[in-house]
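Here the structure is laid out as structure tokens; the discussion comes afterwards.
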Amino acid sequence: MAGKILIVDDEKDMLVLLQRIISEETDHELVTTTNPLKAIELFNNRAFDLVITDLKMPKMDGIRLLEEVKKSRPKASVVILT
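Residue numbers (the numbering used here): 3 to 84.
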């Protein structure tokens, strides 16, 4: 059974690109959002296996998102893209 990946980027084009690449190579369930605050809500309400996030975003940067994710689940896997 494939896992769930949350992808967070304020640029819609990048979300579409990442979603396309990952879905072509795997059968993971993908959830995307352009809003890092929404990402925290999604993460806290669903069991994601991986979070992929942009570093620079308005409202909250990727480092802060990483901190929030780790507060909720210290062993969560997070990839930050620059």
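We treat Cβ as the ideally placed atom computed from N, Cα and C, and that holds for glycine.
As the structure is a computational prediction, the values presented were derived from the model and not from experiment.
- For the region 23-59, the full-length beta strand (DSSP E) segments reaching 3 residues or more read 31-35 and 52-56 along the chain.
- Here the C-alpha atom of Leu67 lies approximately 17 Å from the C-alpha atom of Leu17.
- Annotation: the continuous alpha helix (DSSP H) that includes Lys72 extends over Gly64 to Ser74.
- Under the 8 Å Cβ criterion, the region 42-49 does not count as touching the region 13-28, having fewer than three qualifying pairs.
- For Lys6, the enclosing beta strand (DSSP E) covers residues Lys6 to Val10.
- In this structure, the straight-line span from the alpha carbon of Thr28 to that of Thr35 is close to 19 Å.
- Listed in chain order, the non-local C-beta contacts of Leu52 below 6 Å within the same chain comprise Ile7 and Ser79, local neighbours out to five positions each way being set aside.
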